[in-house]
Amino acid sequence: MTEPPIIETAELRKNYGSTEALRGLNLQVPAGSIYGFLGRNGAGKTTTLKILLGMTRPTSGHARVFGLDAGAPEASVAIRRRTGFVSEDKDLVDSMTVEEIVRFTAAFYPRWRSDLAQRYLRKFDLPPGKKVKNLSRGTRTKVALLLALSRCADLLVLDEPTSGLDPAIVEEVLQAIVAHVAGEEMTVFFSSHQIAEVDQIADRVTIVDGGRVVVDGAIEDLRENYRRIHLVFDGEAPKPAFRAPGIVRTYRKGRELTVLLSMGVERVVEEARALNPVSVDVIPVTLKEIFLESVTKED
Amino acid sequence: MLWYEWWRETRWRFLIGLVVLMCSAAGIVSLWPSVRELVPVASSLQGSGRIGRQIRESVELQREYPGYVWSQWFRQNLIMFGTLFAALLGTGGLLSQRSGTLFALSLPVSRKRLLWTRAATGLVELFALAVVPSLLIPLLSPTVGKTYGLGDVLVHSACFFFAVGVFFSLALLLSTVFSDVWRPLLIAIAAAVAMGVSEQFALPGSHYGIFRVMSAETWFRNGQLPWQGLLASAAASAAILYGAVVNITRRDF
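Sequences listed follow chains A and B, in order.
By our numbering, the letter at position 91 of the first sequence is numbered 151, and the numbering carries on one by one without gaps.
By our numbering, the letter at position 203 of the second sequence is numbered 1523, and the numbering carries on one by one without gaps.
What follows is the structure, encoded as structure tokens:
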């Protein structure tokens, strides 16, 4: 029997006045995955995360976490009890010291593991007596991560966890997440616009643009299925009219025709050969290329 | 533990308020000998109309120690500073606190509980501001050769607390509307000033005049508690706080 998804949204919409932040977002995050939620700034990532945690209400559609309705106040409390969250701004209580905020947060989570908190305090080299407001952005991120990891959550929701950090700290944070998840049964859902970090740690990805899902799947599958076919002709490249499914985009420039496809490479190659090109090259596509092709508007 | 976060957020405002009010109360007691000497001089002041009547009333009150304490402390300084600090304690709700909004909202706690806990913590602080500085009056009065009843202090403090709670609640409600600290504070203070002025000119002697309830004037003059005003103030505070809870549960962050 298939396990139900940890996070599920159906036709999720959110309007801020006349601005549509989400336009029918459909998501399914399977249990146990490290799920990257990739999109440009303003694509609707933070709005989605806030809806999942009951901080923002959807205009229409549904969001369920652990099978619970994220929009219902009581269910939302139950969701947050099982979820660790790191906000984009690494929002913490500035007036508390690191030690105080750890003690304060621990009081809300029955499964809180003090041994883990102590381990991360040492591992991240956090100053227990220092006030949160005096911490650098990198150290704040580590504190936020400590608080999210030590509560033994079933789900970790991270909103741009590495934004504004230097590469060394990015690496440290990503490694900590991966190492933690390896030892626990948990799902990680993290938003980012850093393709490299999604590529590095995620096993599944959703690319969102303009409040809608434009690409979704396991990263391995995307790598396996996405291809760029480069055709060169003797004369002017013909106007393409492929019938095969999975064509994402085609470009025509002089004697060259390039096709980006998400599936069924053999069938497209077969159709392409029927156009009598001089050469046909099938090139693998990186996640970065998939992202850029998915979120860039066609001219 | 939720109260702890709010205590951290407001403790300096509370402590400054406590110190200011305690200094003011102690100052009033210590000035009694000088005031007593000045009363005969002040009695010769002539004035006509409303102002003259108020001056004469004020001088008359200050002939005796209880009247002096009531007019200077319970009717003047406590109300003035207390209202300011009540509004200050009420500002900085979830929306306008300096940090930790999303952090607080990510805790497994309903928004209703978050706001009620903050309101309760603020009201405890406000109660301490109402009672502790006033307790200095009976404590310090022997130093100027006088006594002041503890029972009177408690009655006045309780009346002050119930009435000033309206401005605390108003500031808390406004803090769920505006995302900065200043607008809730300024609007709450402006509302207090407007109510004070209207009470002076439009509702003199009304049972529901909030500053009259705050000073427990009826208790001082004829030993009667201002029940109607107290109930009206408590009901207004409860309604405003309920409005704040409804507002916070409905909004997006």
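All C-beta atoms, glycine included, are put in the ideal place defined by N, C-alpha and C.
With fewer than 16 other beta carbons inside 10 angstroms of its own, residue 1562 (chain B) counts as exposed. Annotation for residue 1333 (chain B): 1405, 1408 and 1409 place their beta carbon closer than 8 Å to its own, counting only its chain and skipping 5 residues before and after.
DSSP places residue 120 (chain A) in no alpha helix (DSSP H) but in the uninterrupted beta strand (DSSP E) bounded by 120 to 125. Judged by their CB atoms, residue 274 (chain A) and residue 265 (chain A) are not nearer to each other than the 9 Å cut-off. Just measuring C-alpha positions, the residue of B:1482, B:1519 and B:1345 sitting nearest residue 1545 (chain B) is B:1482.
In the three-state scheme derived from DSSP, where H, G and I count as helix and E and B as strand, residue 1396 (chain B) is classed as helix. One Cα belongs to residue 164 (chain A), the other to residue 1373 (chain B), and the distance between them is close to 57 Å. Assigned with DSSP and collapsed to three states, residue 182 (chain A) falls in helix. Residue contact check for residue 1572 (chain B) against chain A: a CB pair falls below 9 Å. Buried is the label assigned to residue 1423 (chain B), since at least 16 other Cβ atoms lie within 10 Å of its Cβ. Going by C-alpha positions, residue 1411 (chain B) is about 6 Å away from residue 1504 (chain B). Residues 315, 316, 337, 338 and 339 of the same chain have their beta carbon placed closer than 7 Å to that of residue 292 (chain A), with the five preceding and five following residues left out of the count. Check the Cα spacing between residue 1568 (chain B) and each of B:1420, B:1433 and B:1555: the tightest is with B:1433.
Using a CB distance cut-off of 9 Å, residue 1324 (chain B) counts as an interface residue toward chain A.
Nearest C-alpha to residue 268 (chain A) among A:82, A:280, A:65 and A:312: A:82. By the neighbour-count criterion, in which a residue is buried when 16 or more other Cβ atoms sit within 10 angstroms of its Cβ, residue 1549 (chain B) is buried.
Counted as a single uninterrupted DSSP element, the stretch harbouring residue 337 (chain A) is not any alpha helix (DSSP H), since DSSP gives it neither H nor E. For residue 219 (chain A), the enclosing beta strand (DSSP E) covers residues 215 to 219. Between residue 1537 (chain B) and residue 130 (chain A), the alpha-carbon positions lie close to 52 Å from each other.
Listed in chain order, the non-local C-beta contacts of residue 99 (chain A) below 8 Å within the same chain comprise 105, 251, 253, 267, 268, 269 and 355, local neighbours out to five positions each way being set aside. Selection B:1393, B:1441, B:1451 and B:1472 evaluated against residue 1542 (chain B) yields B:1472 as nearest (Cα-Cα). Under the DSSP assignment, residue 290 (chain A) falls in the beta strand (DSSP E) whose first and last residues are 287 to 292.
Of all residues in the region 86 to 105 of chain A, none is placed with a Cβ closer than 9 Å to any Cβ belonging to chain B.
When C-beta distances to chain A are compared with 7 Å, the residues of the region 1418 to 1434 of chain B below that value are 1418, 1419, 1420, 1421, 1422, 1423, 1425, 1426, 1427, 1428, 1429 and 1430, in chain order.
Among the bridge pairs identified by DSSP, residue 97 (chain A) is matched with A:251 and A:266. Under a 10 Å Cβ-count criterion, residue 142 (chain A) is classified as buried, with 16 or more other Cβ atoms of the shown protein chains found around its own Cβ. In the structure shown, residue 88 (chain A) falls within a strand segment according to DSSP collapsed to helix, strand and coil. In the structure shown, residue 190 (chain A) adopts coil according to DSSP, grouped into three states. Contact check for residue 351 (chain A) and residue 328 (chain A): beta-carbon distance about 21 Å, past the 8 Å limit, so the pair fails to qualify. Here residue 1378 (chain B) really is in contact with residue 1391 (chain B); their C-beta atoms are around 6 Å apart, less than 8 Å. Residue environment analysis places residue 1384 (chain B) among the exposed positions, since fewer than 16 neighbouring C-beta atoms fall within 10 angstroms of its C-beta. Annotated three-state conformation of residue 76 (chain A) is strand, per DSSP. Under the Cβ distance rule, residue 1329 (chain B) counts among the residues neighbouring chain A, one pair being separated by less than 9 Å. Residues of the region 111 to 127 of chain A with a C-beta atom less than 7 Å from some C-beta of chain B are 113, 115, 116 and 117, listed in chain order. Beta-bridge annotation (DSSP): residue 316 (chain A) is paired with A:292 and A:313. DSSP places residue 68 (chain A) in the strand class (E or B) of the three-state scheme.
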